[in-house]
Ligand code: UDP
Ligand code: UDP
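Numbering (my numbering), first residue to last: 4 to 424.
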């Protein structure tokens, strides 16, 4: 397949990510994978960005991939921007949440549109709000986030308005791999879980690209820690915990006595995250635990931390990017889901055997989880050899899927081949 590629003009692909690091990251990873397969790309981004990190990552990506074009998008200019490109576009890859807008323009201009889904296929197949999806283990009613019962909620409206565009897409590109979710992928691709489904195209786990080290906090401390000893605690790019919950988490880590690397966010949007560590945790906690762990504020290079030999477990909210990054590295997870698609993601992670869940820890941050409980769960994750072995196996299968001739590699090359025709 790859032999055909390169012998003719490369496909030119327009990329439309949506706001937030959870959306930008998979797009930049797909971009990097497409570039290494000789595609030509133009990235359309919104300006200004919601998060400061989005600008940093976009600029970094563009500076390391100068062959990539970049355009600040404006909804009224989409038509002329897309129709006047030279060479003309072979395809558009657009975020799920932009599907309804892009589908219309794409169909006017007869450019194939692929939707990039940034969540799990299990979540995708529940977007029609069916609880019993034929071909799938029924989803418990409690795993449907409360916001989906409110038709006026922004996210519910977003899904309902974008869902019809799904059937017009040429395919849905998704960050997962066959081995991880065989049942769900078989059900969606056989048409049992979504009506009129375009092909679901699992190309994951998306490959992280090299990030310049001096842009992020360096953590030399990790290099001096024993192998697989560190519990890495992070809740993604935009989940802020209450001050009380932060204190209980601190208590849980201290009681357990584990080594830890904890990234704290006290505000949703990074530009507003100004509260100091002493204020959040108290100076005595930081003093008492200084031989055991470090707490950092701000952005870290998560892909590097997960790849570090000292990291042995991951307490995370189960954002889909983080879950796939953990899968890639064979890293055991404690899935402490907070809101949105995370409950379904956490169930997928548990079913695959990559992590343990915390189903009785509330939902939409409704309960305060006590330190004793957190202490116990950390033990369950870190001392569980069966879990560690299974997570390692997940990592091996992820590498196989992405490697030459693997299931995800074949899917990506298949898409590029179609665009070359
Ligand atoms: N991330 C990171 N450093 C941080 C916080 C997050 O590199 O300090 C990355 C993480 O590796 C992932 C993305 O940001 O790729 C977050 O996406 P995810 O879907 O896990 O969660 P969200 O932030 O959307 O809730
Ligand atoms: N969602 C979906 N398919 C996707 C992306 C999102 O069904 O490809 C759903 C998901 O269930 C989530 C909601 O849309 O709860 C909002 O998603 P988004 O990632 O935009 O939320 P955010 O992470 O920005 O809060």
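By construction, the Cβ of each residue, glycine as well, lies at the ideal position given by its N, Cα and C atoms.
Can you tell me which of the three DSSP states residue i falls into?
| i | result |
| --- | --- |
| residue 22 | coil |
| residue 365 | coil |
| residue 207 | coil |
| residue 320 | coil |
| residue 75 | strand |
| residue 298 | strand |
| residue 244 | coil |
| residue 314 | strand |
| residue 37 | helix |
| residue 288 | helix |
| residue 93 | coil |
| residue 452 | The displayed coordinates of the chain run from 4 to 424. Any statement about residue 452 would go beyond what the structure contains. |
| residue 48 | strand |
| residue 412 | helix |
| residue 17 | strand |
| residue 336 | strand |
| residue 360 | strand |
| residue 303 | coil |
| residue 239 | coil |
| residue 421 | helix |
| residue 98 | strand |
Could you pull the start and end residues of the alpha helix (DSSP H) that residue i belongs to?
| i | result |
| --- | --- |
| residue 381 | 374-385 |
| residue 105 | 102-112 |
| residue 120 | Careful: residue 120 lies outside any alpha helix (DSSP H), inside the beta strand (DSSP E) at 116-120. |
| residue 190 | 185-192 |
| residue 266 | Per DSSP, residue 266 belongs to no alpha helix (DSSP H); it is in the beta strand (DSSP E), 262-267. |
| residue 55 | 55-67 |
| residue 283 | 280-284 |
| residue 392 | 388-405 |
| residue 230 | It is not in any alpha helix (DSSP H) - residue 230 carries neither H nor E in the DSSP assignment. |
| residue 355 | 345-355 |
| residue 87 | Where residue 87 is concerned, there is no enclosing alpha helix (DSSP H), given that its DSSP letter is neither H nor E. |
Looking only at its own chain, which residues have a Cβ that is under 7 Å from the Cβ of residue i, when we skip the five neighbours before and after it?
| i | result |
| --- | --- |
| residue 85 | 17, 92, 108, 112 and 114 |
| residue 383 | 359 |
| residue 411 | 180, 205, 206, 207, 404 and 405 |
| residue 20 | 26, 27, 30, 48 and 98 |
| residue 152 | Residue confidence is low: residue 152 scores 49 on pLDDT, short of 50, so the model does not pin down where it sits. Its coordinate-derived value is still stated next. Nothing meets the Cβ criterion. |
| residue 373 | 251 |
| residue 202 | 174 and 192 |
Looking only at its own chain, which residues have a Cβ that is under 8 Å from the Cβ of residue i, when we skip the five neighbours before and after it?
| i | result |
| --- | --- |
| residue 249 | 267, 269, 283 and 284 |
| residue 414 | 204, 205 and 206 |
| residue 291 | 257 |
| residue 12 | 90 |
| residue 274 | 54 and 55 |
| residue 82 | 108, 111 and 112 |
Enumerate in chain order the residues of its own chain whose CB-to-CB distance from residue i is below 6 Å, with the five nearest sequence positions on each side excluded.
| i | result |
| --- | --- |
| residue 224 | 297 |
| residue 145 | Any reading at residue 145 must be qualified, since the residue scores a pLDDT of 47, below 50, and its modelled position is unreliable; no value is offered. |
| residue 238 | 320 |
| residue 390 | 335 |
| residue 422 | 14, 93 and 94 |
| residue 43 | 13 and 15 |
Please confirm whether residue i has its beta-carbon closer than 7 Å to some beta-carbon of chain B.
| i | result |
| --- | --- |
| residue 360 | The structure shown contains no chain B; it is built from a single protein chain. |
Residue range of the beta strand (DSSP E) that residue i falls in?
| i | result |
| --- | --- |
| residue 174 | 174-177 |
Cβ contact check for the stretch 347-357 and the stretch 253-265: 3 or more pairs under 8 Å: Put simply, the stretch 347-357 does not touch the stretch 253-265. Fewer than three CB pairs are less than 8 Å apart.
Meets three-Cβ-pair contact criterion under 8 Å: the stretch 388-408 and the stretch 168-185: Short answer: they touch.
Cβ contact check for the stretch 377-393 and the stretch 330-337: 3 or more pairs under 8 Å: Yes, since at least three Cβ pairs between the stretch 377-393 and the stretch 330-337 fall closer than 8 Å, the two stretches touch.
Contact between the stretch 25-45 and the stretch 311-321 (3+ Cβ pairs under 8 Å): The stretch 25-45 is not in contact with the stretch 311-321.
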